[in-house]
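Reviewing the structure listed below.
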Amino acid sequence: MFGRRFARAFFGGGPWGPPPWWYGPGGGQWEQGRGWFAPEQQALRSTAAEVARLFMIASRSAAGNPERQAQLRDFLERSRKDLTDMIYGAGKSSGTGEA
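In terms of my numbering, the sequence shown opens at residue 43 and continues consecutively.
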């Protein structure tokens, strides 16, 4: 009546399997046990969100102040470099031409 999206075969599996949102976040057969909702991960996400919020406040207050903008730019570059080193290894370049 409403098309394939609402058909029982579509939600029940069918030849293509269930839709991607069927298992929920972190509930798919390959994603089980990743700990996305673990307390440690929640604390990291909360802290990262707080840092992003503080950065937005600082960047708005630095509008028209070249010295503060330079400080924020340096903070971002250091943070980006630290995260890149953490993810890809300390000895590898981030692909921006820096060695």
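C-beta atoms are modelled at their ideal positions from N, C-alpha and C, and glycine is treated no differently.
- Secondary structure of A105 (DSSP, three-state): coil.
- When secondary structure is reduced to three states using DSSP, A91 falls in the helix class.
- In this structure, S101 lies away from L118, with their beta-carbon atoms at least 7 Å apart.
- Here the C-alpha atom of M128 lies approximately 32 Å from the C-alpha atom of N107.
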